[in-house]
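Enquirer: First the structure, which I've put down as C-alpha cells, then a few questions once you've had a look.
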Amino acid sequence: MESIFTLVHVLVAIVNYSRANNYTCSLRDENVDPHIWKNGDIIVGAIFPFHSNWDITESSYSVRPSSMKCTSLDFRAFQYSQSLIFATEEINNSSSLLPGISLGYKIYDTCGSAALGTKVAMALINGNEKSASDEICTKPAQVQAIIGETYSSVSMAISKSIGPFSIPLISYFATCECLSDKTKYPSFLRTVPSDYYQSRALAEMVKHFGWTWVGAIRRDDDYGNNGMATFTKVAEQLGICLEYSLPFFGTYSKEKVLRIVEQIKSSTSRVIVGFLTQWDLEILVHVLSEHNITGYQWVGTEGWIADPIVATNDKHNILQGAIGLAIPKTKLAGLKDFILDIKPLKSVGSAIFTKFWESLFKCKYTVQNNSENSPVCTGEEKLSEMDNAFTDMSLMPIFSNVYKAVYAIAHTLHELLGCNETCPTKKQPDPFSFLEHLKKVHFKTKEGEKVYFDINGDPPAKYEIINWQLNKNNQSEFITVGLYDSSLPAPGRLAVNLPSIVWAKNSNKVPISICQESCPPGTRKAVQKGKPICCFDCIPCAAGEISNMTDAIKCEQCQQDYWSNAHKDECVKKEIEYLSYEETMGILLTVVSVVGAFMTMVIAIIFFRYKDTPIVKANNSELSFLLLFALALCFLCSLTFIGQPSQWSCMLRHTAFGITFVLCISCVLGKTIVVLMAFRATLPGSNVMKWFGPPQQRLSVLAFTLIQVLICVLWLTISPPFPFKNLKHYKEKIILECHLGSSLGFWAVLGYIGLLALLCFALAFLARKLPDNFNEAKFITFSMLMFSAVWITFIPAYVSSPGKFTVAVEIFAILASSFGLLFCIFLPKCYIIILKPEKNTKKQIMGKVK
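In case it helps, mature numbering (1 follows the signal peptide of the UniProt record, and there is no 0) puts the sequence shown at residues -20 to -1, 1 to 830.
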C-alpha cells in the first residue's frame, strides 16, 4: 500500500514540475507532425496521400526501426488540400455560417499506408503530436472530424481505429461498398458514391451494350475485391459472364503481371472491366504496351476513367475508346484560381510546399542540396505557365467532394452551437452528438447542389458516362456520352447517346463480346458442360415445340390442335386431313364409284331388255336384278366414305356398307343354291325345286340381310361410330376419321359378310362341274374367290394404313369386290347377249348342241 502512495506522489510531482516549467510535448518520430496546419477555434483534421508510395525497409528487431520514408510525390493530394483550405477560408469569411468562430485545420500525409494513416489519425484525435504552437502537454488537441482518405483500405483502417471515439471520418474518394456497413464503420461517411452503385451501374452499362462475355482486372485490395464482387453478382443477374477476374497490384512481381498478360492474350472476350486506380493502370498500361495488347474495349471506374495522367501515359492507345463512369462535372467559383495561387514560401508548413515546389518546377531552393545542378527556385515561378497534373482541373468533381465535406462539418457545427447572428459558444460539441447531427445534415452548396447522407452515410449516386476519344492532335479527350442516376426507376437510370461514342480501334460500331451468338427463335439454349451459362449451344426445338424469342431457355409445347411451323417459332393450326372430294385420290375413287354404279345400271338395262332370252331366264332373273340393285348400292355406298366425317356419315358409311354387301352375298348365295337345286331337280324322281322356289329365295335373302341389319342396329345402339380427331399417326396434322365406336360391332359386320361369302364359295365350288354348257356355279366360284382375296388382303392393309389411306383402302376393297362380283357373274352373260346372240338359245344353255 505504501508503494502505491509513493507512486502517486511521484506522478503528481512530475505533472506539477511540467506545468511550472511550461514544458512542451514532443515525440521522437517526426511523421506525426502535421504537414499543413492553421490554428482556429475548432480544428478539422485531414489526411491526404501527398506521396503515393514508400520505401520498404527490413526490420532486424535489434534496433529501433527508422521512420517511414515516403516517395513519389503526388500533385493530386496538393490539389485536395488546397480545396480544403479554400473551403475553410470561405467559411471563416462568411457572415452567415459559423459567425464569430474560426475553423482551423491539420493536414497529414499517409503515403497511402494504412499503418501510417492509423498513426496520424490517432495523433489527431489524441493530440499526441508535437505541438506547432508550443502548447503545454495537458492541453488536448482533439479535432472535431477528419477528412480523408483517398484509398478505401486506408480509410477502413482509420475508421476502425477512431470509430469507438465517435470521431467522423468523411472520405472524398474511398468508394468501397464495405464502408457502408455501419456495424463495422459507425463513424464513416463520404461525399463520393459507394461502389455498390458504381458496380451496379457498370453491370447495367455492360448489359446495355450487349456484352455478355467479359474479362475483369481488379485492384487487389478492399476497393477492387469488394467492387468486383458486387459487379459479378449483378452481372450474373443480368446474364453477363466473366471469362476471368484477375487481381492486380502495383507491387506485384513481374511473373504475376506476365500471367495476367497471358490470360488476356488467350481470352476470347473483347471487353475488359478495370476496377482499378489510376496508379495501377499506369503500371498496367506500360506492361500491356510492351506486349502490344491493343484493340480491347476497356470499361472503367471513376478511379481512372477521367484521369488525365493515365491518358497522357497511354502513348500506344491501349485504352483508346475506353468508356466508364465518372463523378459528374461541377464548378466551384474561385477554386481554380485559389489552387493556382499557391505561395510556398509564405504558407504555413513551408517544408512540404518547398518539396512540392522543387518537384513541380524542377528547381532547388538551396545550393547545398543541388547535386543535380538544377535551376535555383525563386518562389516567383508562375503556375499558369505550367502544364502538368497540378494545373489540370479535370478532377474538379473530387475537389468538390473535399469542399462539400468541409461544409458538411461547418453546417453541423452551426446547428449544434445554435449560431444565428453569432455563435454563443466556441466550445466543441461532444463527438457523439456531433456525429449524430452530421448524419442528418442537409444543405445546398452555393452552386445549388444538395448535400446529404443516407442511412449508410453515402450520398446519392450520379455518374457521367465518359468516353475516351482522340482529338486532332492524337490526344485523348474525355467526352460525356451519357448519364446514370441511381435515384430513378430501373428502366430510366441509364441514358446513353450511342451515336456519339467512339469505340476501341476508333470504330463507330459497338464491339461484340459474347461467348456464343444468340440463339434465334426456334431454338433453345443448352449450357455447355463445365462452362459459364453464357457459353451454350443452340438446340433446335423438337417437332411440336416453339420458341418465339431470342435466347429462349426452353421450348414451349404447342396446344393439341396446333403444330410448330418450319422455323419452329410459331404455333400454327394443324393441317386437317381427310379423304375429300377435292383431292386427286378422292376424285379418282368417286369417278370409279360412279362408273361402277353406271355399269351396273347399264347391265341391268341390258338384262331388262333381254329378260325373255334363255340366258337371262336361266340365271334367275329376279335374283339377278336384286343383285344388280345391291351392287349399285355397294358402288354408291363407297361415296359415304369420302368427305369430312360427321356423326351421320360415320354411322351411315359402315352400316350401309355392311347391309348392301350382305344383300349382294345373299343374292349370290341364293343363285348358288338355285343352281344346285336345279341340278337335283333334273334327276329322276327329284322334286327339290318346290322347296326352294321364288318365295323361298326371297325369304332367304331377306333373312340373311335382316341378321346383318340386327347386328348394325345393336352396334349403333351400344357404341356407334363417331367423328374422331386422330392425333397419333401424324403429330403435325389432324386426321379426321370415323372412330369405330365398338370394334366388336365392326368386326361382327365384316365377319358375317365373310361367313356368307365362305358359304357361298363352298356351295359354288361343289357345283363347278355340273354338266350345263353355261355353268353359273363356275362364275360364282370365281367371283367369290376374288371377293375373298380382296377382303383377306384388306384386313392387314386396313390395320397398317395411316390416316386417309385407311379410308381409301376400305373404299378400294368395296369397289374391287363389287367389280369382281359384277364382272365375274354378269360380264360373260352380257358378252353372249350382245356379241354372241346365236348362243343365247335354250339348247346352247342346256348344252345339247353338238
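Ideal Cβ placement from N, Cα and C applies to all residues, glycine included.
Here's the rule: buried if 16 or more other CB atoms are within 10 angstroms of the residue's CB, otherwise exposed. What is Met529?
Expert: On the sequence shown, residue 529 is found 549 positions in, with the first residue counted as 1. Counting Cβ neighbours within 10 Å, Met529 comes out exposed, since fewer than 16 surround it.
Enquirer: Measure the alpha-carbon distance for Cys403 versus Trp17 and round it to whole angstroms.
Expert: Here the question's residue 403 lines up with position 423 in the sequence shown. Here the question's residue 17 lines up with position 37 in the sequence shown. Roughly 23 Å between the two C-alpha positions.
Enquirer: Could you name the residues of the same chain whose beta carbon sits closer than 6 Å to that of Leu415, not counting the 5 residues immediately before and after it, in chain order?
Expert: Taking the first residue of the sequence shown as position 1, residue 415 is located at position 435. Listed in chain order, the non-local C-beta contacts of Leu415 below 6 Å within the same chain comprise Ser146, Pro148, Ser167, local neighbours out to five positions each way being set aside.
Enquirer: DSSP beta-bridge partners for Phe228?
Expert: By 1-based counting over the sequence shown, the position of residue 228 is 248. Note: Phe228 sits in a beta bridge opposite Arg199.
Enquirer: Restricting to Cα atoms, I'd like to know which of Val123, Tyr152, Gly143, Asp13 is closest to Ser61.
Expert: As a working mapping, residue 61 is identified with position 81 in the sequence shown. Cα-wise, what sits closest to Ser61 is Tyr152.
Enquirer: Which residue marks the beginning of the alpha helix (DSSP H) containing Glu395, and which one marks its end?
Expert: For the purposes of this step, residue 395 is taken as the residue at position 415 of the sequence shown. 376 to 396 is the extent of the alpha helix (DSSP H) around Glu395.
Enquirer: Give me the Cα-Cα distance between Phe55 and Asn368, rounded to the nearest whole angstrom.
Expert: By 1-based counting over the sequence shown, the position of residue 55 is 75. By 1-based counting over the sequence shown, the position of residue 368 is 388. Between Phe55 and Asn368, the C-alpha separation is close to 9 Å.
Enquirer: Quick check: the Cα distance between Gln627 and His188, rounded to an integer number of angstroms?
Expert: Numbered from its first residue, the sequence shown carries residue 627 at position 647. Numbered from its first residue, the sequence shown carries residue 188 at position 208. So the alpha carbons of these two residues sit roughly 59 Å apart.
Enquirer: Within the chosen definition, does the region 761 to 768 reach the region 534 to 550 through at least 3 CB pairs nearer than 8 Å?
Expert: no
Enquirer: For the beta strand (DSSP E) containing Trp695, list its first residue and its last residue.
Expert: Here residue 695 corresponds to residue number 715 of the sequence shown, with the count starting at 1. From DSSP, Trp695 is part of no beta strand (DSSP E) but of the alpha helix (DSSP H) over 674 to 698.
Enquirer: Does the structure place the region 298 to 315 close enough to the region 453 to 472 that three or more beta carbon pairs sit under 8 Å?
Expert: yes
Enquirer: CA-CA distance, Val431 and Leu78?
Expert: The sequence position of residue 431 within the sequence shown is 451, counting from 1. The sequence position of residue 78 within the sequence shown is 98, counting from 1. Rounded to whole angstroms, Val431 to Leu78 spans 18 Å at the Cα level.
Enquirer: I believe Gln537 touches Glu525 by the beta-carbon criterion, under 8 Å. Please report the beta-carbon distance rounded to the nearest angstrom.
Expert: Along the sequence shown, read from residue 1 onward, the residue named residue 537 stands at position 557. Along the sequence shown, read from residue 1 onward, the residue named residue 525 stands at position 545. Contact flag correct, Cβ pair sits at about 5 Å.
Enquirer: Given a cut-off of 8 Å on the beta-carbon distance, is the pair Phe762 and Cys718 in contact?
Expert: As a first step, residue 762 is located in the sequence shown; it is residue number 782 there, counting from the start. As a first step, residue 718 is located in the sequence shown; it is residue number 738 there, counting from the start. Not a contact, by the Cβ cut-off of 8 Å.
Enquirer: Tell me the rounded alpha-carbon separation between Cys117 and Cys158.
Expert: Within the sequence shown, the letter at position 137 stands for residue 117. Within the sequence shown, the letter at position 178 stands for residue 158. The predicted position of Cys117 is uncertain, since its pLDDT is 48 and thus under 50; a value taken from the coordinates is nonetheless stated next. Distance between the alpha carbons of Cys117 and Cys158 is about 38 Å.
Enquirer: Can you give the Cα-Cα distance for Leu795 and Ser618, rounded to whole angstroms?
Expert: Numbered from 1 along the sequence shown, position 815 holds the residue referred to as residue 795. Numbered from 1 along the sequence shown, position 638 holds the residue referred to as residue 618. Spanning the two alpha carbons is a distance of roughly 7 Å.
Enquirer: Taking buried to mean at least 16 other C-beta atoms within 10 Å of its own C-beta, is Gly301 buried or exposed?
Expert: Position 321 of the sequence shown, counting from 1, holds the residue named residue 301. Per the 10 Å Cβ criterion, buried.
Enquirer: If you follow the beta strand (DSSP E) that Lys713 is in, where does it begin and where does it stop?
Expert: The sequence position of residue 713 within the sequence shown is 733, counting from 1. Here the beta strand (DSSP E) through Lys713 covers 713 to 719.
Enquirer: Ser456 bridges to which residues according to DSSP?
Expert: For the purposes of this step, residue 456 is taken as residue 476 along the sequence shown, with counting starting at 1. Bridge partners of Ser456: Leu450.
Enquirer: Using the DSSP secondary-structure output, state which residues sit across from Lys18 in a beta bridge.
Expert: Reading the sequence shown from its first residue, position 38 is the one you call residue 18. Paired residues: Tyr85.
Enquirer: Taking DSSP as the reference, what is the three-state secondary structure of Leu53?
Expert: Looking up residue 53 in the sequence shown gives position 73. Here Leu53 sits in strand by DSSP.
Enquirer: Check residue 831 in the structure and name its three-state DSSP category.
Expert: This structure gives no information on residue 831, because the portion of the chain shown stretches from -20 to 830.
Enquirer: Using the rule of at least 16 other Cβ atoms within 10 Å of the residue's Cβ for burial, across every protein chain shown, is Asp201 buried or exposed?
Expert: By one-based count along the sequence shown, residue 201 stands at place 221. The residue in question, Asp201, is buried, as its Cβ has 16 or more Cβ neighbours within 10 Å.
Enquirer: Which residues in the same chain as Lys819 place their Cβ atom closer than 6 Å to its Cβ, once the five residues preceding and following it in sequence are excluded?
Expert: As a working mapping, residue 819 is identified with position 839 in the sequence shown. Here the set comprises Ile812.
Enquirer: Tell me which residue opens and which closes the beta strand (DSSP E) that Phe30 is part of.
Expert: For the purposes of this step, residue 30 is taken as the residue at position 50 of the sequence shown. Counting along the chain, Phe30 sits inside no beta strand (DSSP E), nor does DSSP assign it H or E at all.
Enquirer: Check whether the Cβ atoms of Gly638 and Gln688 lie closer than 8 Å to each other.
Expert: If you number the sequence shown from 1, residue 638 lands on position 658. If you number the sequence shown from 1, residue 688 lands on position 708. Yes.
Enquirer: Since I believe Ala101 is in contact with Ile138 (beta carbons under 8 Å), could you give me their beta-carbon distance rounded to a whole number of angstroms?
Expert: Numbered from 1 along the sequence shown, position 158 holds the residue referred to as residue 138. Numbered from 1 along the sequence shown, position 121 holds the residue referred to as residue 101. Sure, about 5 Å apart at Cβ, within 8 Å.
Enquirer: With distances taken Cα to Cα, identify the nearest neighbour of Lys295 among Ile263, Pro355, Glu497, Gly314.
Expert: Taking the sequence shown and counting its residues from 1, one reaches residue 295 at position 315. Lys295 has its Cα closest to that of Ile263, out of Ile263, Pro355, Glu497, Gly314.
Enquirer: Considering only their Cβ atoms, is the gap separating Ala385 from Ile22 smaller than 8 Å?
Expert: Within the sequence shown, numbered from 1, the residue matching residue 22 stands at position 42. Within the sequence shown, numbered from 1, the residue matching residue 385 stands at position 405. No. Outside cutoff.
Enquirer: My output table needs one value for His271: the three-state DSSP class, helix, strand or coil.
Expert: Here the question's residue 271 lines up with position 291 in the sequence shown. His271 falls in the coil class under three-state DSSP.
Enquirer: Compute the beta-carbon to beta-carbon distance between Cys647 and Leu607, rounded to the nearest angstrom, for a pair I have assumed lies under 8 Å.
Expert: Locating residue 647 in the sequence shown gives position 667, where the first residue counts as 1. Locating residue 607 in the sequence shown gives position 627, where the first residue counts as 1. That belief holds up - the Cβ atoms of Cys647 and Leu607 are roughly 4 Å apart, short of 8 Å.
Enquirer: Have a look at Thr635 and Val642 and give me their C-alpha separation to the nearest angstrom.
Expert: In the sequence shown, counting from the first residue as 1, residue 635 sits at position 655. In the sequence shown, counting from the first residue as 1, residue 642 sits at position 662. In a straight line, the C-alpha of Thr635 is about 11 Å away from that of Val642.
Enquirer: Which stretch, first to last residue, makes up the beta strand (DSSP E) that contains Ala313?
Expert: For the purposes of this step, residue 313 is taken as residue 333 along the sequence shown, with counting starting at 1. Taken as a continuous stretch (DSSP letters only), Ala313 belongs to no beta strand (DSSP E), as it is neither H nor E.
Enquirer: Below 8 Å on the Cβ atoms is my guess for Gly25 versus Val134; work out the distance and round it to an integer in Å.
Expert: Locating residue 25 in the sequence shown gives position 45, counting from the first residue. Locating residue 134 in the sequence shown gives position 154, counting from the first residue. The Cβ separation is near 14 Å, so there is no contact.
Enquirer: How should Ala313 be labelled, buried or exposed, when 16 other C-beta atoms within 10 angstroms of its C-beta is the threshold for buried?
Expert: If you number the sequence shown from 1, residue 313 lands on position 333. The residue is exposed, with fewer than 16 neighbouring Cβ atoms inside 10 Å.
Enquirer: Taking DSSP as the reference, what is the three-state secondary structure of His266?
Expert: Locating residue 266 in the sequence shown gives position 286, counting from the first residue. Here His266 carries a helix assignment [DSSP, helix/strand/coil].
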